[in-house]
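Enquirer:
There are 2 protein chains.
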Amino acid sequence: MQLIQIYQCFCDETRLRIIHLLTKGPLCVCHFQDILEVPQTKVSQHLAYLRKREIVECKRRGAWMIYSLPAQPSAELETNLKCLQDCVQTNPVFRSDLEKLPAARENEAAWLDEAASKTCDCS
Amino acid sequence: MQLIQIYQCFCDETRLRIIHLLTKGPLCVCHFQDILEVPQTKVSQHLAYLRKREIVECKRRGAWMIYSLPAQPSAELETNLKCLQDCVQTNPVFRSDLEKLPAARENEAAWLDEAASKTCDCS
DNA sequence: ACAATATATGCGTGAAAACGAATATGTGTA
DNA sequence: TACACATATTCGTTTTCACGCATATATTGT
Numbered sequence: 016m017q018l019i020q021i022y023q024c025f026c027d028e029t030r031l032r033i034i035h036l037l038t039k040g041p042l043c044v045c046h047f048q049d050i051l052e053v054p055q056t057k058v059s060q061h062l063a064y065l066r067k068r069e070i071v072e073c074k075r076r077g078a079w080m081i082y083s084l085p086a087q088p089s090a091e092l093e094t095n096l097k098c099l100q101d102c103v104q105t106n107p108v109f110r111s112d113l114e115k116l117p118a119a120r121e122n123e124a125a126w127l128d129e130a131a132s133k134t135c136d137c138s
Numbered sequence: 016m017q018l019i020q021i022y023q024c025f026c027d028e029t030r031l032r033i034i035h036l037l038t039k040g041p042l043c044v045c046h047f048q049d050i051l052e053v054p055q056t057k058v059s060q061h062l063a064y065l066r067k068r069e070i071v072e073c074k075r076r077g078a079w080m081i082y083s084l085p086a087q088p089s090a091e092l093e094t095n096l097k098c099l100q101d102c103v104q105t106n107p108v109f110r111s112d113l114e115k116l117p118a119a120r121e122n123e124a125a126w127l128d129e130a131a132s133k134t135c136d137c138s
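This is the structure:
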C-alpha cells in the first residue's frame with residue numbers, strides 16, 4: 016500500500032523537512048546540507064530512503080544530484096503534500112527552512128531554472 | 016513536534032485502519048478485533064501506541080474500553096484525518112473495513128449512541 | 001468469593017530504523 | 001593522470017518497532 020510508504024517517509028523530521036523543501040522546487044544535496052545543517056551522510060541516507068519508496072526522483076547534473084518530487088505524483092502523494100503544506104504554515108522549523116531557501120539557491124540559479132520545469136506543481 | 020507523531024501513528028497499516036475506523040465514531044477493542052481480524056494483544060498494543068501520542072482518547076464503559084479520536088483535535092491532526100479520508104476512498108482494505116462497521120456496532124448500539132456525542136466530527 | 005469476559009501489560013525475539021565514521025564512486029579540471 | 005569536489009554506500013552500534021506468548025487487571029454476573 017503506497018499510502019503507508021508515504022507516511023513512513025513523512026514520519027522522520029529530517030525527511031519531512033526535505034520533502035517540504037522539495038514542494039518549492041528541485042534542490043541538490045548540498046542545499047539540504049546548508050539549510051538543514053545536518054551532515055552530508057545523513058542527508059544522502061534519507062534521500063536514499065525516499066528514493067527507494069519513490070517519493071523523490073533524482074537526476075545527475077554534472078557533479079550534482081538534483082532531487083525533486085515525482086513529475087507524476089500519485090493522487091495520495093499529491094493530497095498529502097498539500098496537507099503537509101497546510102500543516103506547517105506556522106511551524107517555526109519549516110518556516111525557517113523556507114527562509115534559507117532563496118540564499119541557498121542563488122548560486123546555482125542556472126541549472127535550477129532548467130530543472131524547475133520538470134517538477135510537479137504542489138504549491 | 017506533534018506533526019511527526021501523527022505520521023508515526025499513521026505509518027503502520029493496522030494503526031491506520033484503526034484511526035480510519037475511528038473517524039466514523041467511537042469503537043471498543045472487540046470491534047477492532049472483529050473488523051481487522053487481528054489478535055486482541057496486537058490491537059491493544061497499537062491502541063497503547065496511539066494513546067501515548069495522544070492521537071486517541073479512551074474511557075471505560077463497564078467492561079469495555081471505548082476509544083475515540085480526541086474531542087479537541089489539533090489543527091494538524093484534523094487536517095490529516097481529512098486527508099486520510101480523501102486518500103482511502105477507493106482503497107479496498109479501508110472500504111471493506113467500513114462495510115463491516117455497521118454489523119460490528121449493531122449489538123452495542125446503546126452505549127455507542129451515547130459515546131458518539133463525545134467524538135470530534137471528522138467525517 | 002468465583003468464573004467468565006474484556007482489556008492491558010511485560011517479556012523475548014527478530015527486523016527495521018537512525019546515525020556517525022570510514023570509504024567508495026562519479027565528475028570536472030588542472 | 002591526478003586531484004578536488006559532490007554524493008553514495010557500507011559497516012557497526014544503538015534504538016525503536018512489530019508481534020506472539022504468557023500473564024495481569026478490571027468488571028460483570030452467579
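So the protein sequences, as listed, match chains E and S.
Numbering (my numbering) for the first sequence: 16 to 138.
Numbering (my numbering) for the second sequence: 16 to 138.
We put the beta carbon where it would ideally sit given N, CA and C, even for glycine.
1. Check whether the Cβ atoms of MET16 (chain E) and GLU28 (chain S) sit closer than 8 Å, and answer yes or no.
2. What whole-angstrom Cβ distance do SER89 (chain E) and PRO41 (chain E) have, given they're in contact under 8 Å?
3. Would you call the segment 92-111 of chain E and the segment 30-38 of chain E touching, i.e. three or more CB-CB distances under 8 Å?
4. Start and end of the beta strand (DSSP E) containing CYS73 (chain E)?
5. Under 7 Å between beta-carbons, which chain E residues line up against THR94 (chain S)? List them in chain order, please.
6. Apply the 10 Å Cβ neighbour rule to ARG66 (chain E) and answer buried if 16 or more other Cβ atoms are within range, or exposed otherwise.
7. Whole angstroms is fine: what's the gap from GLU121 (chain E)'s alpha carbon to LEU18 (chain E)'s?
8. Would you call the CB atoms of CYS102 (chain E) and GLU91 (chain S) closer than 8 Å?
9. Give a yes or no on whether 8 Å exceeds the smallest Cβ distance from PHE47 (chain S) to chain E.
10. Bridge partners of MET80 (chain E), per DSSP?
11. Can you grab the Cα-Cα spacing for the pair PRO54 (chain S) / HIS61 (chain S), in whole Å?
12. If the cut is a Cβ gap below 7 Å, which residues of chain E does GLN23 (chain S) touch?
13. Within 10 Å of its beta-carbon, does GLU72 (chain E) have 16 or more other beta-carbons around it, so buried, or fewer, so exposed?
14. For GLN20 (chain E), which residues from the same chain have a beta carbon less than 6 Å from its beta carbon, with the 5 sequence-adjacent residues on both sides left out?
15. Go ahead and pull the three-state DSSP assignment for CYS43 (chain S).
16. Less than 8 Å between CB atoms is the rule here; does LEU18 (chain E) satisfy it with respect to chain S?
17. By how many angstroms is the C-alpha of GLY77 (chain S) removed from the C-alpha of CYS43 (chain S)?
18. Which chain E residues sit within Cβ distance under 9 Å of LEU11 (chain S)?
Expert: The relevant details are as follows:
1. yes
2. No, SER89 (chain E) and PRO41 (chain E) are not in contact; Cβ-Cβ is about 19 Å, not under 8 Å.
3. yes
4. 72-76
5. CYS98, ASP101, CYS102
6. exposed
7. 35 Å
8. Contact flag set, yes.
9. no
10. E:ARG75
11. 11 Å
12. Near GLN23 (chain S) (Cβ distances below 7 Å), the residues of chain E are CYS26.
13. buried
14. Answer for GLN20 (chain E): ARG68, listed in chain order.
15. strand
16. yes
17. 11 Å
18. Because chain S here runs from 16 to 138, residue 11 (chain S) falls outside it and cannot be looked at.
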